[in-house]
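For the sequence shown, full-length UniProt numbering assigns the number 1 to the initial residue and increments by one for each residue that follows. Backbone N, C-alpha and C define an ideal beta-carbon position, used for all residues, glycine too. These numbers were taken from a predicted model, which means no experiment stands behind them. The next block holds one structure in the form of structure tokens; read it before the comments.
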Amino acid sequence: MLELSFSPFPVLETERLILREHNIDDATALFDMRKDEEVMRYIDRERPKTIEDIYAFIRKLNQDFKQGQSLAWIIALKDTPQQMIGSIGYWRTDLPNHRAEIGYMLHPDYWRKGIISEALKASIDFGFNEINLHSINANINPGNDASRALLLKHGFVKEAYFRENYYFNGKFLDSEIYGLLKSDISL
Ligand SMILES: CC(C)(COP(=O)(O)OP(=O)(O)OC[C@H]1O[C@@H](n2cnc3c(N)ncnc32)[C@H](O)[C@@H]1OP(=O)(O)O)[C@@H](O)C(=O)NCCC(=O)NCCS
């Protein structure tokens, strides 16, 4: 079976960005982002209530990485590598099928500057060439036009639309699934 086992944590560099491991010093920036309703508008997840929730979140992420279950990067500008501006990663994996789900978020001050595109390209390359994934999927709230346009721009194809399959905050929500095969980009 495919293994997600990297030691040390794989730091990625792009032209403007460094993608690195989450650490406890990112907690405040992460807390601000995960309770920002502009950022979270289409991310249907519990908002953190206290910084303690974020400490627990970071500990869990690092533990999941060590156990080979997920791989999530902090996004920072190369000039200010300690300052988290976003995150991207394979939060959920389906290793028997060489498949993983990618997710991302960015601080609104940096939107529409091609930052997630740059990070996404590096994560996709890493996913296919180093993890040896066969496919990458993304699960979006159908209202998330920005995320859909980003995925289409990177060659993802709509694979499914699930009606009211996800219960959050007292409502049943629809989900749209996008997928990218390794062969889609190596053609
Ligand atoms: C979605 C998000 C990650 C995009 O990040 P970004 O760095 O601003 O995106 P980029 O600048 O790399 O944009 C790449 C492409 O995505 C699309 N796009 C990005 N933002 C868009 C928007 N607000 N409206 C429409 N298309 C958008 C465009 O096709 C864009 O290409 P273009 O600039 O050449 O037109 C960012 O808006 C965000 O963090 N949103 C909140 C969190 C979120 O919803 N995450 C996704 C959960 S599934």
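Would you please state the rounded distance, in angstroms, between the beta carbons of residue i and residue j? I believe it to be under 8 Å.
i: Trp73; j: Ile54; result: Actually they are not in contact, since the Cβ atoms of Trp73 and Ile54 sit about 16 Å apart, beyond 8 Å.
i: Gly127; j: Glu159; result: Going by Cβ atoms, the distance from Gly127 to Glu159 rounds to 17 Å, so no, they are not a contact pair.
i: Ile24; j: Ile75; result: About 17 Å separates the two Cβ atoms, so there is no contact after all.
i: Leu95; j: Leu2; result: 5 Å
i: Asn137; j: Asp44; result: Not confirmed; about 17 Å, so no contact.
i: Leu61; j: Leu17; result: The pair is not a contact, with the Cβ atoms about 19 Å apart (cut-off 8 Å).
i: Ala122; j: Leu12; result: 5 Å
i: Met84; j: Asp26; result: 5 Å
Out of the options, state which residue places its alpha-carbon closest to the alpha-carbon of residue i.
i: Leu181; options: Pro48, Arg99, Ile131, Ile140; result: Arg99
i: Lys153; options: Glu118, Leu61, Lys66; result: Glu118
i: Trp111; options: Val39, Asp26, Asn165; result: Val39
i: Gln69; options: Asp79, Ala122, Ile131, Ile75; result: Ile131
i: Gly155; options: Leu17, Gly143, Phe168, Ser135; result: Ser135
i: Pro8; options: Leu2, Glu21, Asn137, Ala76; result: Glu21
i: Phe6; options: Gln63, Leu30, Pro96, Ile185; result: Gln63
i: residue 210; options: Asp125, Tyr166, Asn169, Leu173; result: This structure does not reach residue 210, given that the chain is present from 1 up to 187, and the question cannot be answered.
i: Asp32; options: Thr80, Phe162, Thr50, Lys121; result: Thr50
i: Glu15; options: Ala29, Arg92, Leu120, Ile185; result: Leu120
i: Arg41; options: Leu150, Pro108, Asp79; result: Pro108
i: Lys66; options: Ile185, Ala27, Pro10, Arg163; result: Pro10
i: Tyr167; options: Tyr104, Asp79, Glu46; result: Glu46
i: Arg163; options: Gly86, Leu151, Asn169, Glu176; result: Glu176
i: Ser147; options: Leu30, Ile115, Leu133, Asn129; result: Ile115
i: Arg92; options: Gly170, Ile85, Glu101; result: Glu101
i: Asp79; options: Val157, Leu19, Ala149; result: Leu19
i: Val157; options: Asn97, Pro81, Ile185, Arg34; result: Ile185
I'd like the span of the alpha helix (DSSP H) that includes residue i, first residue to last.
i: Ser147; result: 145-153
i: residue 188; result: In the structure displayed, the chain extends from 1 to 187; residue 188 sits before or after that span and is not available.
Could you tell me whether any non-hydrogen atom of ligand 2 is closer than 7 Å to the CB of residue i?
i: Met105; result: Only ligand 1 can be found as ligands here, which leaves ligand 2 out of the picture.
Beta strand (DSSP E) segments (min. 3 residues) lying fully within the UniProt domain "N-acetyltransferase" (17-174): 17-20, 71-77, 84-94, 99-106, 135-140, 157-168
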